[in-house]
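Asker:
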Amino acid sequence: MFQLHYQTIRPLTTAHLAQTMTLLSLTSEELRQQIESELASNPALELVEERRCPMCHRLLPPRGVCPVCSRPSNEASPEEPIVFVSPRDDFYTHGDRTADDYPDEGVSTIADDLPTYVLRQVAPELGSEQRKIAAYLLTHLDEDGLLTTSLIEVARYFHKPLSSVEAIQKIIQHAEPVGVGSTSPQEALLVQLEVLSESRFVPGLAEKLIREAMDQLSRHQYAEMARMFGVSQTQVQQVVRFISENLYPFPGRSHWGDVRQPANEALEVYRQPDVIISYMDNDPKNPLIVEVILPLAGTLRINPLFRGAIQQASDEKKDAWKSDLERASLFVKCMQQRNHTMLRLMQRLVGLQRSYITHGEKHLIPFTRAQLSRELEVHESTISRAVSNKTVQLPNRRIIPLSSFFDRSLNVRTVLREMIASESTPLSDSELAEMLAEKGFSVARRTVAKYRAMEGILPAHLRDISSVRA
DNA sequence: CTATGGCACGGATT
DNA sequence: AATCCGTGCCATAG
Numbered sequence: 201m202f203q204l205h206y207q208t209i210r211p212l213t214t215a216h217l218a219q220t221m222t223l224l225s226l227t228s229e230e231l232r233q234q235i236e237s238e239l240a241s242n243p244a245l246e247l248v249e250e251r252r253c254p255m256c257h258r259l260l261p262p263r264g265v266c267p268v269c270s271r272p273s274n275e276a277s278p279e280e281p282i283v284f285v286s287p288r289d290d291f292y293t294h295g296d297r298t299a300d301d302y303p304d305e306g307v308s309t310i311a312d313d314l315p316t317y318v319l320r321q322v323a324p325e326l327g328s329e330q331r332k333i334a335a336y337l338l339t340h341l342d343e344d345g346l347l348t349t350s351l352i353e354v355a356r357y358f359h360k361p362l363s364s365v366e367a368i369q370k371i372i373q374h375a376e377p378v379g380v381g382s383t384s385p386q387e388a389l390l391v392q393l394e395v396l397s398e399s400r401f402v403p404g405l406a407e408k409l410i411r412e413a414m415d416q417l418s419r420h421q422y423a424e425m426a427r428m429f430g431v432s433q434t435q436v437q438q439v440v441r442f443i444s445e446n447l448y449p450f451p452g453r454s455h456w457g458d459v460r461q462p463a464n465e466a467l468e469v470y471r472q473p474d475v476i477i478s479y480m481d482n483d484p485k486n487p488l489i490v491e492v493i494l495p496l497a498g499t500l501r502i503n504p505l506f507r508g509a510i511q512q513a514s515d516e517k518k519d520a521w522k523s524d525l526e527r528a529s530l531f532v533k534c535m536q537q538r539n540h541t542m543l544r545l546m547q548r549l550v551g552l553q554r555s556y557i558t559h560g561e562k563h564l565i566p567f568t569r570a571q572l573s574r575e576l577e578v579h580e581s582t583i584s585r586a587v588s589n590k591t592v593q594l595p596n597r598r599i600i601p602l603s604s605f606f607d608r609s610l611n612v613r614t615v616l617r618e619m620i621a622s623e624s625t626p627l628s629d630s631e632l633a634e635m636l637a638e639k640g641f642s643v644a645r646r647t648v649a650k651y652r653a654m655e656g657i658l659p660a661h662l663r664d665i666s667s668v669r670a
């Protein structure tokens, strides 16, 4: 509401427009590279030194005040999220901690390695003693994300009871990628299964297979497994399919067996979020804090000395410098424009989808990019660019793609999941379709089948047997 | 005969 | 213009 007046003042040149568009579609990571190269090649641009808020230690814009701590409490409705651009070079998941709280951290590397990535997730939950143990555990991961030491050794090394090390391992295992820090593929699978079962239906047979028939499972001995558990071979195959589609034994890789994992997928997992949403003071009653990440320890501006210097420069230099100056000012404007758009976007989105963020997928309101573009009075493609390839970290530390805010069917799928999870006798797709219609979601029978498939839920006739039998 | 999955079409979305 | 998504129709499995 404050920093936005420039917006329509100056006629937008095509260059301006084009560059803003480009910047908008960049993720925080790419943005940082862009800024750095611009900074290196243009003397007129400078990065002003960081200032931190004395209260919460956030990085501040050059003249601004802290948007969180200085927020006027009287006109504050807890519904309205606090949205602001947050320059931060640290990227730690909670703004109220400083880099000093984290051991062994180098300067912010953008593409984290696995241990760093995990440590950042778990650090906020741990005391400094525990953090040391966590860091130690994480330095003993192999490339598959599995532990190379035994917990007992670690406990001995730190002179701690085994149980306390186990507790820390458990926290690590529940971080992304789920199952990391397990001592075996089997353990990793079990953790993933447990996590998965919180949100979806999982066949009861799956756990038994992993727990008791790991050998046969990895050798695809369906007949053998069917015999062991007294079920049909097709059932085993279905469950194995479920396992191979939803679980992965080597958390460090993203999928089964193959080492040739595509680079982009790895990037997807380890990427820093572009937006971080959290509760103020970590209290769910407080308003949401939405930080649009600006991956720098300071703020960009045009070097005021450069302006002066230009006057005294010799003629031949003058021209070159002038163009530098123009480029720099264009760049700064584009950055502002980008941030401005991101802010408006998130403001609206978080305001609308608050219950999705706080109460889960069931409460996602179906919303399209087109609608949003109309409300914000920008072109549809602007929204598309701003949304694509970006990720958001929710208060529960999950990192999800920003595009999931526009998932047309996520809420229906979630309700469907719950219905199936709480069914007493397995319901057929057409029955499910009817029930959904009663709840206000009218979807075709065929669509129910598709949603089921998306959620990895088995068809009715295979559902009951495996879970009842357990 | 019923429940599901495959294919393909048309409209919406990007 | 390209892509995604919900749906209807039909073949197939149980």
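This note's numbering applies: residue 201 is where the first sequence begins, and numbers increase by one.
For each residue, glycine too, the CB sits at the ideal point set by N, CA and C.
Values in this document were obtained by computation on a predicted structure and should not be read as measured data.
Just to confirm, are PRO281 and PHE506 a CB contact at a threshold of 8 Å?
Answerer: Contact: no.
Asker: Just to confirm the assignment, what range does the alpha helix (DSSP H) spanning PHE358 have?
Answerer: Here the alpha helix (DSSP H) through PHE358 covers 351-358.
Asker: What are the boundary residues of the beta strand (DSSP E) that includes PRO287?
Answerer: Unbroken beta strand (DSSP E) run through PRO287: 282-287.
Asker: Output the residue ranges of the alpha helix (DSSP H) runs that lie fully inside the region 497-531 and measure 4 residues or longer, sorted by chain position.
Answerer: You should have 504-512.
Asker: When the distance is taken between beta carbons, is VAL490 closer than 8 Å to VAL283?
Answerer: Yes, Cβ-Cβ distance for VAL283 and VAL490 is below 8 Å.
Asker: Note down, one range per segment and in chain order, each beta strand (DSSP E) of at least 3 residues found wholly within the region 572-615.
Answerer: Counting only runs of 3 or more, we get 591-593, 599-601.
Asker: Indicate the three-state DSSP secondary structure (helix, strand or coil) for HIS661 in the structure shown.
Answerer: Looking at HIS661 - three-state DSSP - the assignment turns out to be helix.
Asker: Which stretch, first to last residue, makes up the alpha helix (DSSP H) that contains LEU396?
Answerer: That run of the alpha helix (DSSP H) goes 385-399.
Asker: Closer than 8 Å by C-beta to VAL550: which residues in its own chain qualify, once you throw out the five before and the five after it? Chain order, please.
Answerer: Excluding residues within five positions, the ones whose Cβ falls inside 8 Å are PRO281, VAL283, ILE477, LEU488, VAL490, ILE557.
Asker: Please confirm whether GLY379 and PRO451 have their CB atoms less than 8 Å apart.
Answerer: Yes, the pair counts as a contact, with Cβ atoms nearer than the cut-off.
Asker: Hey, out of ASP629, MET542, LYS590, PHE605, whose CA is closest to SER286's CA?
Answerer: It is MET542 whose Cα lies nearest to the Cα of SER286.
Asker: According to DSSP, which residues form a beta bridge with ARG252?
Answerer: Partner(s): LEU259.
Asker: Taking C-beta to C-beta, are VAL385 and LEU658 nearer than 8 Å?
Answerer: It should be pointed out that residue 385 corresponds to Pro in this sequence rather than to Val. Not in contact: PRO385 and LEU658 (Cβ atoms no closer than 8 Å).
Asker: Below 8 Å between beta carbons: does that hold for HIS563 and SER555?
Answerer: Yes.
Asker: Looking only at its own chain, which residues have a Cβ that is under 8 Å from the Cβ of LYS522, when we skip the five neighbours before and after it?
Answerer: ILE510, listed in sequence order.
Asker: With C-beta atoms as the reference, is GLU188 less than 8 Å away from GLN321?
Answerer: Any answer about residue 188 is impossible in this case: the structure gives the chain only from 201 up to 670.
Asker: Using the three-state DSSP reduction, which class does VAL459 fall into: helix, strand or coil?
Answerer: Only weak support exists for where VAL459 lies, its pLDDT of 33 falling under 50; the coordinates are left without a value.
Asker: What residue from ASP607, SER609, HIS540, PRO595 has the CA that sits closest to LEU576's CA?
Answerer: For the residues ASP607, SER609, HIS540, PRO595, the minimum Cα distance to LEU576 belongs to HIS540.
Asker: Counting Cβ pairs closer than 8 Å, one from the region 579-595 and one from the region 631-645, do we hit at least three?
Answerer: Flag = no, the region 579-595 and the region 631-645 do not touch.
Asker: Hey, how far is the Cα of ILE493 from the Cα of ALA653?
Answerer: Approximately 35 Å between the Cα atoms of the pair.
Asker: What's the call for GLN512, buried or exposed, on a 16-neighbour Cβ count within 10 Å?
Answerer: Classification of GLN512: exposed, given that the 10 Å Cβ count is below 16.
Asker: Which word fits GLN671, buried or exposed, when buried means at least 16 other C-beta atoms lie within 10 angstroms of its C-beta?
Answerer: Outside the displayed range of the chain (201 to 670) lies residue 671, so it cannot be described from this structure.
Asker: Check for me: the beta strand (DSSP E) holding LEU494 runs from which residue to which?
Answerer: 488-494 is the span of the beta strand (DSSP E), which, as asked, contains LEU494.
Asker: Hey, quick one: how far does the alpha helix (DSSP H) through SER241 stretch, first residue to last?
Answerer: Per DSSP, SER241 belongs to the alpha helix (DSSP H) from 228-241.
Asker: Along the chain, where does the alpha helix (DSSP H) containing VAL475 start, and where does it finish?
Answerer: Element bounds for VAL475: not the alpha helix (DSSP H) but the beta strand (DSSP E), 475-479.
Asker: Leaving out the 5 sequence neighbours to the left and right, which residues in its chain are closer than 7 Å to THR220 when beta-carbon positions are compared?
Answerer: If we look at THR220 and ignore the five residues flanking it on each side, its Cβ neighbours are CYS534, GLN537, ARG538.
Asker: In the DSSP assignment, the alpha helix (DSSP H) including HIS374 goes from what residue to what residue?
Answerer: Element bounds for HIS374: n/a, residue is neither H nor E.
Asker: Could you tell me the alpha carbon to alpha carbon distance between GLU366 and SER382, rounded to whole angstroms?
Answerer: Taking the straight line from one Cα to the other gives about 10 Å.
Asker: Classify LEU662: buried if its beta carbon has 16 or more other beta carbons within 10 angstroms, exposed otherwise.
Answerer: Looking at its Cβ environment, which holds 16 or more other Cβ atoms inside 10 Å, LEU662 is buried.
Asker: Taking PHE606 as the reference, which of VAL248, LEU447, ILE583 has the closest Cα?
Answerer: Selected option, being the one with the closest Cα: ILE583.
Asker: Along the alpha helix (DSSP H) that carries ARG554, what are the first and last residues, could you check?
Answerer: First-last of the alpha helix (DSSP H) with ARG554: 554-559.
Asker: In whole angstroms, what separates the C-alpha of PRO267 from that of THR339?
Answerer: Each residue's alpha carbon lies about 37 Å from the other.
Asker: Measure the alpha-carbon distance for GLU230 versus LEU405 and round it to whole angstroms.
Answerer: Answer to the nearest angstrom: the Cα atoms are 44 Å apart.
Asker: Go ahead and pull the three-state DSSP assignment for ASP382.
Answerer: Strictly speaking, residue 382 in this sequence is Ser, with Asp absent from that position. If DSSP states are grouped into helix, strand and coil, SER382 belongs with the strands.
Asker: Per DSSP, GLU246 is paired with what?
Answerer: Answer is ARG501, bridged to GLU246.
Asker: Given a cut-off of 8 Å on the beta-carbon distance, is the pair ILE372 and LEU337 in contact?
Answerer: Closer than 8 Å, so yes.
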